[in-house]
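A.B. asks: Residue numbering for the sequence shown follows UniProt numbering, beginning at 1 and increasing consecutively.
By construction, the Cβ of each residue, glycine as well, lies at the ideal position given by its N, Cα and C atoms.
Predicted model, so just to flag it, every value in this text is computed and none were measured.
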Amino acid sequence: MTSAEVYEESAGTAPPGVAQVSLRRTLVPLARDPLGGFERIGRAADGRLARLNLGLTRPYLVTHPDHVQHVLRRPDLYRREGMMWKPLQRLEGDGIAGEGPSWQVSRHILQPMFTARNLGGLFGTMADAVTESLSVLQERAARGREVDLVDEMTAIAHRVLIRVLFSDRITFAEAERLGQAITAAFTSLGSRMLMPFVPDAVPMPGDRPFARAVRTVDELIYPRIRACRAEGSRGDDLVAVLARTVGEDGQLLDDKRVRDDVVSMFVAGTETTGLALTWLWLLLQEHPEVREQVVAEVADVVGDGPAAPQHLPGLVFTRMVLQEALRLYPVGWVVPRTLAQPDELAGTRLSAGTTVLLSPYLTHRVPQFWDEPEAFRPQRFSPDREQRRHRFAYFPFGAGVHQCLGSHFFTVEAQLIVAGMLSRFRPRVAGEVSLRPRATASLRPRQRARMVLDPAA
């Protein structure tokens, strides 16, 4: 589809120099194929602002790194509020996933848990949890038995998160049930996120599964919070730390606030890892030459033993492959913001209340900053090339004050999982590989994939 076919320039409906995308060319394509519709609009925009007609709301789509930088460096103006943020807040609440004083309190208490210094002391625990998880996976995939790729990668992330952040306060069985509920909630949010102007009283596809999922989340988390308080909120695990935190009102955080931040951290620690590793194995299946380079690096650095923290500096190419997988398939593919006060963006005056949509998925494909953007090329992330790249051309974890707290946690965890798997197995995807994504609240493979774990030797 050409730019002329997508855009209808109209000085009466869009500011000068901004491409206006009509209701017919916005709502219908996005309803049929949300990601494909955004991709066509973003490709035709070629870095320009695009104003989308979604009926009762007309958000601006922002893809150029300069414009992304402007938005993410002004969190006082471009806030995590408004109609398009509301569906996600129904799951994660207003703590670390929110804005204002409540976000500041959550950030203040959670950020120290994710500093390089604090995580450095936990890498050994993380590596042990990965090794134990791979032993469980080896049993489940014995004798060439096929296993579900997303489920198994997410299960490993569950075990690691429980050991590192929850100190086994949540059992693995509970974590799996919690993870399934969160996945169900995320996959049910698509319609509400794309059509946020529809009143909550009007039923939409996904509403009932979402409500069931949230009930399951609450049934699992609230008893853990109450039990923690009954014990005096002792311990250094995430639930205990939050349960004894004093909020902006001078009182201990109530159970709802603790629950919201626990859910947010669980999402960040499992949804991202499980899906990112799923995309990585799918990409390596399609690119055997890259897979062999990763296998060779792991063999040279790790050998046939378990992956350990001391191996991390040597896993340079493995880290580059992870970064390229996140460039092509960022788990958080769209980032809405609402303008609190009037501002000028890309020469265009925007009024308070305007919604802007950032999309790592689209910005990671702007040809001006990425040569052959659809190609899988881990070399893009070699240290010398990273230094020359626009800071905001790549932001799978966000940027600025709202950058994901767990980005370093993910990078270490994912390298340990990939290296640990390749020191034991030669993973392969059974059947035909599909790299077509499906856009829900996160970016997931459109088709379920099965994995077979052949022995490494």
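Verify whether the separation of the beta carbon atoms of Leu252 and Thr245 is less than 8 Å.
C.D. replies: Start at 1 with the first residue of the sequence shown, and residue 252 comes out as number 252. Start at 1 with the first residue of the sequence shown, and residue 245 comes out as number 245. Cβ distance < 8 Å, so Leu252 and Thr245 count as in contact.
A.B. asks: Do you know how far the Cα of Trp370 is from the Cα of Ala4?
C.D. replies: Numbered from its first residue, the sequence shown carries residue 4 at position 4. Numbered from its first residue, the sequence shown carries residue 370 at position 370. Per-residue confidence for Ala4 stands at a pLDDT of 43, beneath the threshold of 50, marking its modelled position as unreliable; the derived number appears in the next sentence. Going by the C-alpha atoms only, they are around 23 Å apart.
A.B. asks: Could you check the C-alpha separation between Tyr7 and Glu432 for me, to the nearest Å?
C.D. replies: Walking along the sequence shown from the start, residue 7 turns up at place 7. Walking along the sequence shown from the start, residue 432 turns up at place 432. At Tyr7 the pLDDT is 46, less than 50, meaning the model places this residue with poor confidence and gives no usable figure here.
A.B. asks: Evaluate Asn53 with the Cβ neighbour count: other Cβ atoms within 10 Å of its Cβ, from every protein chain shown; 16 or more gives buried, anything less gives exposed.
C.D. replies: Counting from one through the sequence shown, the residue named residue 53 turns up at place 53. Asn53 comes out buried.
A.B. asks: Around the Cβ of Arg192, are there at least 16 other Cβ atoms within 10 angstroms (buried) or fewer (exposed)?
C.D. replies: Against the sequence shown, residue 192 aligns to sequence position 192. Under this definition Arg192 is a buried residue.
A.B. asks: Pull up the distance between the alpha-carbon of Ile221 and that of Ser188, whole angstroms please.
C.D. replies: Translated into the one-based positions of the sequence shown, residue 221 becomes position 221. Translated into the one-based positions of the sequence shown, residue 188 becomes position 188. Each residue's Cα considered, the two are about 20 Å apart.
A.B. asks: Measuring only the C-alpha atoms, how far is Asp76 from Leu91?
C.D. replies: The sequence position of residue 76 within the sequence shown is 76, counting from 1. The sequence position of residue 91 within the sequence shown is 91, counting from 1. Between Asp76 and Leu91, the C-alpha separation is close to 24 Å.
A.B. asks: In angstroms, rounded to a whole number, what distance separates the CA positions of Leu119 and Ala419?
C.D. replies: As a first step, residue 119 is located in the sequence shown; it is residue number 119 there, counting from the start. As a first step, residue 419 is located in the sequence shown; it is residue number 419 there, counting from the start. Approximately 19 Å, taken between the alpha carbons.
A.B. asks: Can you tell me where the beta strand (DSSP E) with Pro87 in it begins and where it stops?
C.D. replies: As a working note, residue 87 is residue 87 in the sequence shown. Element bounds for Pro87: not the beta strand (DSSP E) but the alpha helix (DSSP H), 86-92.
A.B. asks: Use the C-beta contact count for Ser264: other C-beta atoms within 10 angstroms, 16 or more gives buried, fewer gives exposed.
C.D. replies: Here residue 264 refers to the residue found at position 264 of the sequence shown. Counting Cβ neighbours within 10 Å, Ser264 comes out buried, since at least 16 surround it.
A.B. asks: Pro330 to Pro383, Cα distance in whole Å?
C.D. replies: For the purposes of this step, residue 330 is identified with residue 330 of the sequence shown, where counting begins at 1. For the purposes of this step, residue 383 is identified with residue 383 of the sequence shown, where counting begins at 1. Distance between the alpha carbons of Pro330 and Pro383 is about 20 Å.
A.B. asks: Counting beta carbon pairs with one atom in the stretch 359-376 and one in the stretch 302-320, are three or more of them shorter than 8 Å?
C.D. replies: Result no; under three Cβ-Cβ pairs closer than 8 Å.
A.B. asks: What residue from Gly55, Gly37, Asp66, Asp33 has the CA that sits closest to Leu345's CA?
C.D. replies: In the sequence shown, residue 345 corresponds to position 345, counting from 1. Closest option to Leu345, Cα to Cα, is Asp66.
A.B. asks: Tell me whether Phe126 sits in a helix, a strand or coil according to DSSP, three-state version.
C.D. replies: Position 126 of the sequence shown, counting from 1, holds the residue named residue 126. Note that residue 126 is Met in the sequence shown, not Phe. Of the three classes helix, strand and coil, the one that applies to Met126 here is helix, per DSSP.
A.B. asks: Enumerate in chain order the residues of its own chain whose CB-to-CB distance from Ile182 is below 8 Å, with the five nearest sequence positions on each side excluded.
C.D. replies: Residue numbering aside, residue 182 sits at position 182 when the sequence shown is read from its first letter. Within the same chain, Ile182 has close Cβ partners Leu91, Ala213, Val217, Val263, Phe266, Val267, Thr270, Glu271.
A.B. asks: Please determine, among Arg43, Leu72, Pro445, Leu242, the residue with the shortest C-alpha to C-alpha distance to Arg337.
C.D. replies: Residue numbering aside, residue 337 sits at position 337 when the sequence shown is read from its first letter. For the residues Arg43, Leu72, Pro445, Leu242, the minimum Cα distance to Arg337 belongs to Leu72.
A.B. asks: Determine the closest residue to Ala439 out of Glu374, Leu275, His408, Arg377, with distance taken between C-alpha atoms.
C.D. replies: If you number the sequence shown from 1, residue 439 lands on position 439. Out of Glu374, Leu275, His408, Arg377, Leu275 has the C-alpha closest to the C-alpha of Ala439.
A.B. asks: Could you give the distance in angstroms between the alpha-carbon of Leu315 and the alpha-carbon of Phe123?
C.D. replies: Locating residue 315 in the sequence shown gives position 315, counting from the first residue. Locating residue 123 in the sequence shown gives position 123, counting from the first residue. Answer to the nearest angstrom: the Cα atoms are 15 Å apart.
A.B. asks: In this structure, how does DSSP classify Glu344 when only helix, strand and coil are distinguished?
C.D. replies: Locating residue 344 in the sequence shown gives position 344, counting from the first residue. If DSSP states are grouped into helix, strand and coil, Glu344 belongs with the strands.
A.B. asks: Residues bridged to Val202 by DSSP?
C.D. replies: Reading the sequence shown from its first residue, position 202 is the one you call residue 202. Answer is none; Val202 lacks a bridge partner.
A.B. asks: Contact defined as beta carbons within less than 8 Å: I believe Leu435 pairs with Glu286. What is the distance between those atoms, to the nearest angstrom?
C.D. replies: In the sequence shown, counting from the first residue as 1, residue 435 sits at position 435. In the sequence shown, counting from the first residue as 1, residue 286 sits at position 286. About 7 Å; that satisfies the 8 Å criterion.
A.B. asks: What does the alpha-carbon distance come out to for the pair Met126 and Ala44?
C.D. replies: As a position in the sequence shown, residue 126 is number 126, starting the count at 1. As a position in the sequence shown, residue 44 is number 44, starting the count at 1. Spanning the two alpha carbons is a distance of roughly 44 Å.
A.B. asks: Taking Met451 and Trp281 to be in contact with their CB atoms under 8 Å, please state how far apart those CB atoms are, rounded to whole angstroms.
C.D. replies: One-based indexing of the sequence shown puts residue 451 at position 451. One-based indexing of the sequence shown puts residue 281 at position 281. About 7 Å separates the two Cβ atoms, so the contact holds.
A.B. asks: Using DSSP with H/G/I as helix, E/B as strand and the rest coil, what is Val433?
C.D. replies: Position 433 of the sequence shown holds residue 433. Reduced to three states, the DSSP call for Val433 is coil.
A.B. asks: Measure from the C-beta of Trp370 to each C-beta in chain C and report whether the shortest distance is under 8 Å.
C.D. replies: In the structure shown, chain C does not exist; there is a single protein chain.
A.B. asks: My parser needs the alpha helix (DSSP H) runs of 4 or more residues fully inside the stretch 340-406; what are they?
C.D. replies: Complete alpha helix (DSSP H) runs here, min 4: 360-363, 383-388.
A.B. asks: Where are the beta strand (DSSP E) runs, 3 residues long or more, that stay fully inside the stretch 272-338, in chain order?
C.D. replies: Segments of the beta strand (DSSP E) lying fully in the stretch 272-338: there are none.
A.B. asks: For the structure I just gave you, are there three or more beta carbon pairs, one from the stretch 317-326 and one from the stretch 406-416, closer than 8 Å?
C.D. replies: With the cut-off at 8 Å, the stretch 317-326 and the stretch 406-416 touch.
A.B. asks: Within this structure, are the beta carbons of Ala155 and Glu176 separated by less than 8 Å?
C.D. replies: One-based indexing of the sequence shown puts residue 155 at position 155. One-based indexing of the sequence shown puts residue 176 at position 176. In this structure, Glu176 lies closer than 8 Å to Ala155 by Cβ.
A.B. asks: Starting from the Cα of Gln341, find the closest Cα among Pro87, Pro427, Arg388, Thr354 and give me that residue.
C.D. replies: On the sequence shown, residue 341 is found 341 positions in, with the first residue counted as 1. The candidate whose alpha carbon is nearest that of Gln341 is Thr354.
A.B. asks: Which residues share a DSSP beta bridge with Pro455?
C.D. replies: Translated into the one-based positions of the sequence shown, residue 455 becomes position 455. According to DSSP, Pro455 bridges with Phe425.
A.B. asks: Smallest Cα separation from Leu453: which of Phe392, Gln138, Gly55, Met113?
C.D. replies: Reading the sequence shown from its first residue, position 453 is the one you call residue 453. Nearest option by C-alpha distance: Gln138.
A.B. asks: Is the Cβ-Cβ distance between Ala441 and Gly98 less than 8 Å?
C.D. replies: By 1-based counting over the sequence shown, the position of residue 441 is 441. By 1-based counting over the sequence shown, the position of residue 98 is 98. No, Cβ-Cβ distance for Ala441 and Gly98 is not below 8 Å.
A.B. asks: Any idea which residues DSSP pairs Gln69 with across the strands?
C.D. replies: Indexing the sequence shown from 1 puts residue 69 at position 69. Gln69 is not bridged to any residue.
A.B. asks: In whole angstroms, what is the alpha-carbon distance linking Leu161 and Cys404?
C.D. replies: What you label residue 161 is simply residue 161 of the sequence shown in a count that begins at 1. What you label residue 404 is simply residue 404 of the sequence shown in a count that begins at 1. Approximately 16 Å, taken between the alpha carbons.
A.B. asks: Per DSSP, Arg444 is paired with what?
C.D. replies: Residue 444 sits at position 444 when you count from the first residue of the sequence shown. DSSP, once it has assigned bridges, lists Arg438 as partnering Arg444.
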